[in-house]
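Participant: To get my numbering, take the position in the sequence shown, counting from 1, and add 349. We put the beta carbon where it would ideally sit given N, CA and C, even for glycine. Sharing a structure here in structure tokens format.
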Amino acid sequence: MFHQHPFHHQPPFSFDDAHHFSQIHNLRKRYFQLRHYDPRHMMMHAPFSPNRPGKRFFKRGEFKFAVLEFLNEAPMHGYELIKKFEEKTKGLYVPSAGSIYPTLQLLEDQGYVLSEKVAGKSQYSITEDGKAYLKEYQEKNHTDHAIPHPVENQQMIAEIHHETSELTHLIWHKARLAVTDPKAKEELLSFIHDMKDKIQDIGLEPDED
Numbered sequence: 350m351f352h353q354h355p356f357h358h359q360p361p362f363s364f365d366d367a368h369h370f371s372q373i374h375n376l377r378k379r380y381f382q383l384r385h386y387d388p389r390h391m392m393m394h395a396p397f398s399p400n401r402p403g404k405r406f407f408k409r410g411e412f413k414f415a416v417l418e419f420l421n422e423a424p425m426h427g428y429e430l431i432k433k434f435e436e437k438t439k440g441l442y443v444p445s446a447g448s449i450y451p452t453l454q455l456l457e458d459q460g461y462v463l464s465e466k467v468a469g470k471s472q473y474s475i476t477e478d479g480k481a482y483l484k485e486y487q488e489k490n491h492t493d494h495a496i497p498h499p500v501e502n503q504q505m506i507a508e509i510h511h512e513t514s515e516l517t518h519l520i521w522h523k524a525r526l527a528v529t530d531p532k533a534k535e536e537l538l539s540f541i542h543d544m545k546d547k548i549q550d551i552g553l554e555p556d557e558d
């Protein structure tokens, strides 16, 4: 037996209301994307990847320590570092050349990395100052690894996916009801703005020098 979707009985958006709900519309689009969830896809394109402006796989300032961690194992070319990230994270995160090479240049400028031409390619190795800088970071954060564990990431993303799907569905449902209720509309948009600000602040620290 065919069952109508509960939204079919709700009033549609008018053109006058559309601009007030652009953020909610984006959340709705995200909801339908998340219905086809895949952990590898999510980690490559989700809020933890530096491949999207303002979004990070690492906390602010941590990526360079992951690079130093790999170089502490052995000297590498930029491409080898990219493959190392892919291997270490089980394919969940592959940094772009636009992430790797500027970071290497920064570390070299700071004296933590040294580059030399090997077979026509730039090979990077960690310096003694770089080793001391990495050790200081590890001791300060009580960890031997700057790279998040991929299994833990998959579990975390799966949990976030589930909760985000339900939340987005609920927000969109309330948005349709709020079309004819200015007070409800204001409360809903205020909630979304506050939620975005709080999420943006979670786990972020000032950039390190």
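1) Comparing alpha-carbon positions, which option in A468, I548, H510, I520 lies nearest L538?
2) Report the option in H542, K534, T476, V416 whose CA atom is closest to the CA atom of V443.
3) Measuring straight from C-alpha to C-alpha, what distance separates Y450 and D543?
4) Looking at Y486: is its Cβ nearer than 8 angstroms to the Cβ of F414?
5) Grouping DSSP H, G and I as helix and E and B as strand, with all else coil, what is H491?
6) Contact defined as beta carbons within less than 8 angstroms: I believe V462 pairs with G479. What is the distance between those atoms, to the nearest angstrom?
7) Classify S445 as buried or exposed, calling it buried when 16 or more other Cβ atoms lie within 10 Å of its own Cβ.
8) In whole angstroms, give me the CA-to-CA distance for K439 and K433.
9) What is the rounded straight-line gap between the Cα of H394 and the Cα of D458?
10) Between which two residues does the beta strand (DSSP E) carrying Y428 extend?
11) Do N421 and L516 have their CB atoms nearer than 8 angstroms?
Facilitator: Let me lay it out:
1) I520
2) V416
3) 36 angstroms
4) yes
5) coil
6) 6 angstroms
7) exposed
8) 10 angstroms
9) Confidence in H394 is poor, its pLDDT being 36 and thus under 50, which makes the residue's placement unreliable; the coordinate value appears in the next sentence. Cα to Cα, H394 sits roughly 30 angstroms from D458.
10) Unbroken run through Y428 is the alpha helix (DSSP H), 427-437; no beta strand (DSSP E).
11) no
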